Amino acid sequence: MSRLANVLATALATAGDAWDGAAGAVAATPGRVRAALAVRRHRRAGLTGAALTLVVYLLSTGDLAVSGAGRFTGAPVLRAAPTSC
């Protein structure tokens with residue numbers, strides 16, 4: 159029974175340490191982000207990365223399609239999926 163208690167205590171301590179680390183990272187993030195965005199190059203890199211991530215996500219989900227046939231048919235090369243509202 160004592161071994162089970164030790165394993166349980168170790169697991170809880172590890173989970174607590176992870177929770178504390180995550181909470182500390184969340185608390186420290188705004189200051190780090192503010193300092194990083196104070197540099198123009200970092201803002202531009204962040205915006206470029208976010209835009210690229212969005213385009214890759216839209217392509218992978220099929221919400222944005224690329225067609226090479228647009229050159230011959232007059233259709234747009236990039237097409238957005240219709241909304242389902």
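Per our numbering, the very first residue in the sequence shown carries number 159; after that it's consecutive.
Glycine included, each C-beta is placed from N, C-alpha and C at the ideal position.
Please read all numbers here as calculations on a predicted model, not as lab measurements.
Check                                                                                    : Outcome
Rounded straight-line distance, which links the Cα of residue 194 to that of residue 200 : 6 Å
Residue range of the unbroken beta strand (DSSP E) whose run includes residue 224        : 222-224
Alpha-carbon spacing of residue 168 relative to residue 237, whole angstroms             : 54 Å
Beta-carbon proximity check, residue 222 vs residue 216, cutoff 8 Å                      : yes
Limits of the alpha helix (DSSP H) - the one that residue 238 falls within               : No alpha helix (DSSP H) contains residue 238, which is instead part of the beta strand (DSSP E) from 236-238.
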